[in-house]
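Engineer: Following this message is one structure expressed as structure tokens.
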Amino acid sequence: MEGKEQDVSLGANKFSERQPIGTAAQSQDDGKDYQEPPPAPLFEPSELTSWSFYRAGIAEFVATFLFLYITILTVMGVSRSDSKCKTVGIQGIAWAFGGMIFALVYCTAGISGGHINPAVTFGLFLGRKLSLTRTIFYIVMQCLGAICGAGVVKGFEGKKLYGDNGGGVNYVHSGYTKGDGLGAEIVGTFILVYTVFSATDAKRSARDSHVPILAPLPIGFAVFLVHLATIPITGTGINPARSLGAAIIFNKHLGWHEHWVFWVGPFIGAALAALYHVVVIRAIPFKSK
Numbered sequence: 001m002e003g004k005e006q007d008v009s010l011g012a013n014k015f016s017e018r019q020p021i022g023t024a025a026q027s028q029d030d031g032k033d034y035q036e037p038p039p040a041p042l043f044e045p046s047e048l049t050s051w052s053f054y055r056a057g058i059a060e061f062v063a064t065f066l067f068l069y070i071t072i073l074t075v076m077g078v079s080r081s082d083s084k085c086k087t088v089g090i091q092g093i094a095w096a097f098g099g100m101i102f103a104l105v106y107c108t109a110g111i112s113g114g115h116i117n118p119a120v121t122f123g124l125f126l127g128r129k130l131s132l133t134r135t136i137f138y139i140v141m142q143c144l145g146a147i148c149g150a151g152v153v154k155g156f157e158g159k160k161l162y163g164d165n166g167g168g169v170n171y172v173h174s175g176y177t178k179g180d181g182l183g184a185e186i187v188g189t190f191i192l193v194y195t196v197f198s199a200t201d202a203k204r205s206a207r208d209s210h211v212p213i214l215a216p217l218p219i220g221f222a223v224f225l226v227h228l229a230t231i232p233i234t235g236t237g238i239n240p241a242r243s244l245g246a247a248i249i250f251n252k253h254l255g256w257h258e259h260w261v262f263w264v265g266p267f268i269g270a271a272l273a274a275l276y277h278v279v280v281i282r283a284i285p286f287k288s289k
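The sequence shown: position 227 = 227 (UniProt numbering), numbered continuously.
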């Protein structure tokens with residue numbers, strides 16, 4: 001019986017006192033019951049000689065490859081059908097993107113952190129969660145993985161069918177301006193990166209034992225909801241690697257004309273989420289004299 005009781009206690013909250021709600025929570029930050037990881041250095045030359053560094057990059061490549069493979073195939077399946085009632089529709093596309101992020105973050109979180117998105121990597125870099133060395137390496141590997149994933153889809157679909165159905169590229173849809181598309185990408189990426197910061201916060205991980213286990217779920221769900229909202233506007237980018245991979249393999253005017261929107265928007269959204277996290281969530285509370 002003692003062994004069983006110990007097993008049960010391992011899944012319980014380690015801290016007997018729950019974090020208070022509202023303004024009372026601000027007074028608790030002095031006596032920290034969690035360990036805040038130190039800020040990552042800007043440059044870390046020793047990473048270049050570490051196998052774990054390259055292992056993480058490979059994980060990002062494979063994850064982004066699989067992400068593009070499943071999601072672009074889903075988009076192509078909807079695009080090629082003569083009736084949307086015969087396909088999974090917009091909801092199915094949103095589930096494909098959100099579900100794959102959920103699965104891939106779960107699989108790669110312990111290896112690379114499960115970014116699968118240059119905007120997420122950039123936001124975490126601004127939040128001092130990883131070095132510039134690792135940031136650049138991740139973004140390069142994510143983009144290469146996305147290009148390969150979209151390339152495999154084109155190989156399956158064939159050049160003509162792939163080209164006739166748009167190749168899954170992101171573009172600002174008819175009836176919307178470039179400003180509308182840029183705004184949608186900024187807000188959508190802010191929601192995603194804000195969720196990433198919240199789901200991986202050290203304080204929450206320490207005080208709520210279920211948070212690390214469930215972290216991929218809110219991240220994937222955020223991707224799903226953003227896609228539901230913005231597929232009609234831009235096809236939903238919020239991931240520069242996804243947009244770049246599809247644009248390179250499609251390689252027509254439609255994919256390149258407004259391509260800058262799908263880099264500028266996500267990077268601004270990620271920067272705003274990092275700023276919000278640093279200034280509002282992780283800030284030292286104001287103390288009156």
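The beta carbon of each residue, even a glycine, is placed where N, CA and C say it ideally should be.
Using the rule of at least 16 other Cβ atoms within 10 Å of the residue's Cβ for burial, across every protein chain shown, is D164 buried or exposed?
Structural biologist: Translated into the one-based positions of the sequence shown, residue 164 becomes position 164. The residue in question, D164, is exposed, as its Cβ has fewer than 16 Cβ neighbours within 10 Å.
Engineer: Mind pulling the alpha helix (DSSP H) runs of 4 or more residues that sit fully within the region 220-258?
Structural biologist: DSSP runs (the alpha helix (DSSP H)) wholly in the region 220-258: 240-250 and 253-256.
Engineer: Please report the distance separating the alpha-carbon of residue 291 from that of T87.
Structural biologist: The question about residue 291 has no answer, for the chain in this structure spans 1 to 289.
Engineer: So, with DSSP's three-state summary, where would you put I101?
Structural biologist: Position 101 of the sequence shown holds residue 101. In this structure, I101 counts as helix in the three-state DSSP scheme.
Engineer: Can you give, in chain order, each stretch of the alpha helix (DSSP H) that sits fully within the region 72-146 and has at least 4 residues?
Structural biologist: Taking only runs of at least 4 residues, the alpha helix (DSSP H) segments lying wholly in the region 72-146 are 89-108 and 118-126.
Engineer: So the candidates are Y54, V169 and S131; which of them puts its Cα closest to the Cα of I147?
Structural biologist: Taking the sequence shown and counting its residues from 1, one reaches residue 147 at position 147. Nearest C-alpha to I147: V169.
Engineer: Assuming D180 is part of the alpha helix (DSSP H), what are its boundary residues?
Structural biologist: Indexing the sequence shown from 1 puts residue 180 at position 180. Segment K178 to A199, the alpha helix (DSSP H) holding D180.
Engineer: Q26 by DSSP, collapsed to three states: which one?
Structural biologist: Taking the sequence shown and counting its residues from 1, one reaches residue 26 at position 26. Residue confidence for Q26 is low, a pLDDT of 38 falling below 50, so the modelled location carries little weight; the figure read from the coordinates is stated next. In this structure, Q26 counts as helix in the three-state DSSP scheme.
Engineer: Tell me whether W260 sits in a helix, a strand or coil according to DSSP, three-state version.
Structural biologist: The count along the sequence shown starts at 1 and reaches residue 260 at position 260. W260: coil per DSSP, three-state reduction.
Engineer: What separation, rounded to the nearest whole angstrom, lies between the Cα atoms of K154 and I72?
Structural biologist: Counting from one through the sequence shown, the residue named residue 154 turns up at place 154. Counting from one through the sequence shown, the residue named residue 72 turns up at place 72. Approximately 9 Å, taken between the alpha carbons.
Engineer: Would you say the beta carbon of V105 is closer than 8 Å to some non-hydrogen atom of the ligand ZN?
Structural biologist: For the ligand ZN, the structure offers nothing, since it holds no ligand at all.
Engineer: Which residue wins for smallest C-alpha separation from C143, given the options A271, A273 and W263?
Structural biologist: Numbered from its first residue, the sequence shown carries residue 143 at position 143. The residue with the shortest Cα to Cα distance from C143 is W263.
Engineer: Using 8 Å as the cut-off, can you tell me whether the region 238-254 makes contact with the region 124-131, which would need three or more C-beta pairs spanning the two stretches below that distance?
Structural biologist: They do not touch, by the three-pair rule.
Engineer: Give the single residue among A199, L48, P232 and R80 whose Cα lies nearest to the Cα of G220.
Structural biologist: The residue you call residue 220 lines up with position 220 of the sequence shown. Comparing Cα positions, the closest option is A199.
Engineer: Following the continuous alpha helix (DSSP H) through L161, name the residue where it begins and the one where it ends.
Structural biologist: Locating residue 161 in the sequence shown gives position 161, where the first residue counts as 1. First-last of the alpha helix (DSSP H) with L161: K159 to D164.
Engineer: Looking at Y138: is its Cβ nearer than 9 Å to the Cβ of H173?
Structural biologist: Your numbering for residue 138 matches position 138 in the sequence shown. Your numbering for residue 173 matches position 173 in the sequence shown. Not closer than 9 Å, so no.
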